[in-house]
Structures are given as C-alpha cells and as structure tokens.
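In my numbering, the protein residues as written are 156 to 361.
Note that the Cβ used here is the ideal one computed from N, Cα and C, for glycine as well.
These numbers come from a predicted model, not from an experiment.
Right, one structure below, let's go through it.
Listed below in structure tokens is the structure:
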C-alpha cells in the first residue's frame, strides 16, 4: 500500500498552497495539515507544535514536506529536520523569501534593511494577527519598540488586488511607515512547492 506524503503547513499559507497544489495537479497526491497562523508571531512555538505531527507521520512511514521556511526559529526547525531525513522544508529564512524568490528578496533587503514585509494574508489579517496579536491595541507605545527600526512596509502580493493593496497601505499608515507594493504572484512559491513535493514523492514509502 502506498502512503501519501504529508505536508505540514503554516495556516498563513493555506489559500496560496491550496491554489498551487490544485493548479499543478498535486492536490490528490499529498495530504495537508495546517498549524495555526498566529504562530507567525510566536516562532519559538513552531517546532513544539510541529514535532509531534512529524513524529506521528514518520511512525506511519510517511515522508513529510514542511511548508515553512526557518520563520524565526533560529535554526531549531532545521535541527529537528536533521533528525528526520524523511522530511524537507521550503527554502529560505521567511515566507517572504519563497513568495518573492531569493534574488528579489535579497535585493529588497539591500535597498532598505528597515523593511517590514506583508503578504496578502498578513495584509488581510493585519488587525487580528499583528496589531492585536502584538498587543498594540492595548499598548500603542509598543509600536516604537517593535517597529522603531523599520522605515517602510513592502506588500509582496500574490494576487494583484486593489483591496489587498489598500489594506497594506492602511497597515503602513497605522505603523507610521512608508508603503511600497511589489506584486510577485505565485510563480516563486509554485516552484518551491513543486520542488518540495517532488522530493517527498521521490522518497515515497510503499
């Protein structure tokens, strides 16, 4: 009996990941489970949340694609994966990197180190995930502590939506930062997902 690979993904990627898997004909070849999107603000909790799911999958003889970058775990995610050759993760330090592509991400950093990035998901959920999630609704003085070293917000959008662009602009205004919009689409993310799934399928356990 063939065991399908498992994709363990950040909930903030759900819409884009579903779109890519469907468009590339991969949706029926893998199983996907999502971790809470609010782990975006609590990277120290990513590995503890992910590890039991990974251990269970390995016990079932499954290969695993981790749909996270390092995402602020400080190497803890890669240290976990070193113990599990059955698993691989998406490339890069943050989701912004695999959404925009490594070269474009590096170029944006070189332009301005003080860049705070938003994806479509983060722009749409800025109020709940970032403003309230970081406690800025209760303690607005924390804005300078969290964002005092930033100069601009860059929305790296997956969809070319005026509504999402407006949300990103509004988020930048609330943070007192300049706003830029770079439409990156889904091509870099698609390439990263396709590569990760291909590795998982090539290691498929029967």
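Query	Result
Cβ pair residue 235, residue 202 closer than 8 Å	yes
Distance CB(residue 158)-CB(residue 185) smaller than 8 Å	no
C-alpha distance - residue 353 paired with residue 227, whole-angstrom precision	25 Å
Proximity of residue 284 and residue 192 at Cβ, strictly below 8 Å	yes
Cβ separation of residue 164 and residue 222, assumed to be a contact under 8 Å, to the nearest whole Å	3 Å
Residue 189 - DSSP class collapsed to helix/strand/coil	strand
Beta-carbon proximity of residue 175 to residue 341, cut-off 8 Å	yes
Residue of 305, 255, 215 and 182 minimising C-alpha distance to residue 311	255
Rounded C-alpha distance that separates residue 335 from residue 214	46 Å
In chain order, each alpha helix (DSSP H) run of at least 4 residues that lies wholly inside the segment 298-340	317-330
Rounded C-alpha distance that separates residue 252 from residue 294	30 Å
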